[in-house]
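Colleague: Sharing a structure here in structure tokens format.
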Amino acid sequence: MDVRKIVLREEDCSGCGGDWQVAAGESVELYQLCTRGEHRVSLHLAEGAHAKVVFMATSECEVAYDYSVELCGEGASAELYGVMVAGGDSKVRVRTEMRHLAPNCHSDQQVRGIADERGYGLFEGLVYVAPDAQKTEAYQQSRNVLLAPTARIQTQPQLEIYADDVKCSHGATVGQMNEEQIYYMRQRGLSEEAARKLQLGGFVREILDRIDDEALRAEFEQKLKIGE
Amino acid sequence: MLKVKNLHASVDGKEILRGINCEVKAGEVHAIMGPNGSGKSTFASVLAGNEKFEVTSGEVEYDGKDLLSMSIEERAREGLFLGFQYPVEIPGVSMANFMKLAVAERRKAQGLEPLTAGGMLKYMREKAAVVELDSKLMNRAVNEGFSGGEKKKNEIFQMAMLDPRLSLLDETDSGLDIDALRIVATGVNRLRSENNATVLITHYQRLLDYIVPDYVHVLYKGRIIYSGGKELALKLEKEGYDWLIADYKE
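Listed in order, the protein sequences are those of chains A and B.
Positions 1 to 228 (our numbering) are the ones given, in order, by the first sequence.
Positions 229 to 478 (our numbering) are the ones given, in order, by the second sequence.
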């Protein structure tokens, strides 16, 4: 079956976004790599529809992404994966709303945040499960690392669940680089800088591996400056 | 190759190494034994440059250089290898990519040409065979999801890849079943040469049935209190450390 592919790059979306209907049984992939402005993306999924969103939010000034995914038809599923990087004096904000409005829908959200220097990252993730959205499965995870004492990341996962037969989980962590890993790599001859770069690359690898298209994945890697 | 003189080191203000002296020459295998908490792993960590420990006095000469003034990676590039007691998992970093970078650094220090991509692949397969390590593991993240035995074999595999001058193997035998122990020991023996040296840190005499040391040292309370030949390990296995410790006055 054909997959509809949408790529939102800087030049395509200076402060806009879009609203997409995903028809019954249809599959959509949306990739976003913008570096400034505010962007609002809404997806409405009909019965059995599937959506995959992969984003990278990084900026030299400010960038904000706002995702709203509505699972309107039974058996719809959505995946949302992304990386936020805030360095320098930049501010990066990502809001997600995963709205389960019908039974038997599935959603997964994985967001990785990295902040360095005086960068600030904010992740707000809401999972909403309507009263009749029974048999919902919804997962959300936000993992973050701070590379400098002046960097900040706030993560606010929220669950709003009105159905009783559901499987939902969420988790959020904010930590530092793992020094044991750095030591191990340096003991094998890698410079400290190379080891840190490799470790950060590893931290976001799980997200990038969700991009099947090689050229597109390379574009993400290049923006993240973790290409090999 | 390695000369350690009156080495003292501490962690969080607590002195762990309290004057270690020893010398390792090329071609030799040394075993360091001793009860728990005597400072064996600390000794290996300090030689590798682990920044958790502070060297408070003493000197270490490695191939004529001042080891203690070198960074962790400089020591590694100059051929000092530490086989970790607890190998570290690095999610998202593939073994193949990690080894590619590590081998490139080591070869540069040795004045060797970089390997081509094909040459690297062949080299990796060849060395994986030394420790019967499934080369499919090269596509996986470093140590992630490896079994205990695979992790230890992976340490010896990396040792083979990096062609070290001096290998410090910290409790490489712990947690291994007898088959894995034999494979690991065979790997270490195959890598032995007149140009390199190995220091085995171990609790048990068991490993020394497979890798026969030239010297055995007993480390106790941060000092080497007794040294002997390979027969010392057997005596320790039978009689324990009590006879030595009873003799030892601080």
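By construction, the Cβ of each residue, glycine as well, lies at the ideal position given by its N, Cα and C atoms.
Just so it is clear, the structure is predicted and the values come from calculations on it, not from any experiment.
1. Is it the case that the Cβ atoms of residue 528 (chain B) and residue 327 (chain B) are separated by a distance below 7 angstroms?
2. Count Cβ pairs between the stretch 402-422 of chain B and the stretch 445-458 of chain B that sit closer than 8 angstroms; are there 3 or more?
3. Please identify, using Cβ separations under 7 angstroms, the residues of the stretch 265-288 of chain B that lie next to chain A, in order along the chain.
4. Quick test of the definition: if touching needs 3 or more C-beta pairs under 8 angstroms, does the stretch 393-400 of chain B touch the stretch 422-441 of chain B?
5. Assuming residue 404 (chain B) and residue 377 (chain B) form a contact by the criterion Cβ under 8 angstroms, report the distance between their Cβ atoms to the nearest whole angstrom.
6. Please state whether DSSP places residue 197 (chain B) in a helix, a strand or coil.
7. Determine the DSSP secondary structure at residue 325 (chain B), reduced to helix, strand or coil.
8. Run through chain A and tell me which residues come within less than 9 angstroms of residue 392 (chain B), C-beta to C-beta.
9. Closer than 7 angstroms by C-beta to residue 73 (chain A): which residues in its own chain qualify, once you throw out the five before and the five after it? Chain order, please.
10. Can you have a look at residue 379 (chain B) and say buried or exposed, based on whether 16 or more other CB atoms are within 10 angstroms of its CB?
11. Do you know how far the Cα of residue 255 (chain B) is from the Cα of residue 291 (chain B)?
12. When you compare only the Cα positions, how much space is there between residue 299 (chain A) and residue 207 (chain A)?
13. Could you list which residues in chain A have their beta carbon closer than 9 angstroms to that of residue 386 (chain B), in chain order?
14. Between residue 180 (chain A) and residue 163 (chain A), what straight-line distance do the alpha-carbon atoms span, to the nearest angstrom?
15. When burial is assigned at 16 or more other CB atoms within 10 Å of the CB, is residue 268 (chain B) buried or exposed?
16. Looking at chain B, is there any beta carbon in it that lies within less than 7 angstroms of the beta carbon of residue 198 (chain A)?
17. From the beta carbon of residue 191 (chain A), is the nearest beta carbon of chain B less than 7 angstroms away?
18. To the nearest angstrom, how far is it from the Cα of residue 210 (chain A) to the Cα of residue 51 (chain A)?
19. Indicate whether at least one CB of chain B lies closer than 7 angstroms to the CB of residue 227 (chain A).
20. Excluding the five sequence neighbours on either side, which residues of its own chain have a C-beta within less than 6 angstroms of the C-beta of residue 124 (chain A), listed in chain order?
21. Identify, in the order they occur along the chain, each residue of the same chain with its Cβ nearer than 6 angstroms to the Cβ of residue 285 (chain B), setting aside the five sequence neighbours on each side.
22. Tell me which residues share the same chain as residue 257 (chain A) and place their Cβ nearer than 6 angstroms to its Cβ, disregarding the 5 neighbours each side in the sequence.
Modeller: According to the structure data:
1. Given that chain B is displayed from residue 229 to residue 478, the structure contains no residue 528 (chain B) and the question cannot be resolved.
2. Output reads no: the stretch 445-458 of chain B does not touch the stretch 402-422 of chain B.
3. 276, 278
4. yes
5. Yes, they are in contact, since the Cβ atoms of residue 404 (chain B) and residue 377 (chain B) sit about 6 angstroms apart, within 8 angstroms.
6. Residue coverage of chain B in this structure runs from 229 to 478, which leaves residue 197 (chain B) outside it and unanswerable.
7. helix
8. Contact note: residue 392 (chain B) does not reach chain A at a C-beta cutoff of 9 angstroms; the least C-beta distance is about 10 angstroms.
9. Counting only Cβ-Cβ distances below 7 angstroms, and skipping sequence neighbours, we find 24, 45, 46, 47, 48, 49, 102.
10. buried
11. 13 angstroms
12. The question about residue 299 (chain A) has no answer, for chain A in this structure spans 1 to 228.
13. 188
14. Rounded to whole angstroms, residue 180 (chain A) to residue 163 (chain A) spans 43 angstroms at the Cα level.
15. buried
16. yes
17. yes
18. 13 angstroms
19. Residue placement at residue 227 (chain A) is flagged as unreliable, the pLDDT there being 46, under the threshold of 50; the coordinate-derived value follows with that caveat. With 7 angstroms as the cut-off, residue 227 (chain A) does not count as an interface residue toward chain B.
20. 95, 156
21. 236
22. With chain A represented from 1 up to 228, any question about residue 257 (chain A) goes unanswered, as that position is not in the structure.
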